[in-house]
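One structure is given below, encoded as structure tokens.
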Amino acid sequence: MKTFESMEGMNMKTETDLQNRLLAELKQWFTRQCADQHRDFYLWYLPTTAEHDGGIIICSDKPVNPEYQLAMPERIRKGDTVEQNFIRIRSGVLRSLPVLSAD
Numbered sequence: 001m002k003t004f005e006s007m008e009g010m011n012m013k014t015e016t017d018l019q020n021r022l023l024a025e026l027k028q029w030f031t032r033q034c035a036d037q038h039r040d041f042y043l044w045y046l047p048t049t050a051e052h053d054g055g056i057i058i059c060s061d062k063p064v065n066p067e068y069q070l071a072m073p074e075r076i077r078k079g080d081t082v083e084q085n086f087i088r089i090r091s092g093v094l095r096s097l098p099v100l101s102a103d
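Anchor point for the sequence shown: position 101 equals 101 in UniProt numbering, and the numbering is continuous, going up by one each time.
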């Protein structure tokens, strides 16, 4: 599984960057979800700080980095498509996450 830290040059400066990142995460989620239909996946975020850029990741367990926080209490909906989950998350929680790069 790719993590935000391993994806060099993936800092998000605009809302469009953040939406593109979410869509990429959801596409990876769909593949993992199809492989294990009983597993629950959640959206996590890493807040931007003076020391590092923020990020988002979809995974079933809390990321190893303890600075990641749960973005929303609901799991990614198994019965929804990538696009349906994207619309729900984008219109709900995505804009409020403090993950955009400061520079």
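Cβ atoms here follow ideal geometry from the backbone N, Cα and C, with glycine treated the same way.
Here Q33 is buried, its C-beta having at least 16 other C-beta atoms within 10 Å. DSSP links C34 through a beta bridge to no other residue. When secondary structure is reduced to three states using DSSP, I76 falls in the coil class, being assigned neither helix nor strand.
For T31, the closest C-alpha among the options S101, C59, S91 is that of C59. According to the DSSP assignment, N11 belongs to no alpha helix (DSSP H), since it is labelled neither H nor E. For N20, the number of other beta carbons within 10 angstroms of its own is below 16, and it is reported as exposed.
Per DSSP, the unbroken beta strand (DSSP E) holding G55 starts and ends at 55-59.
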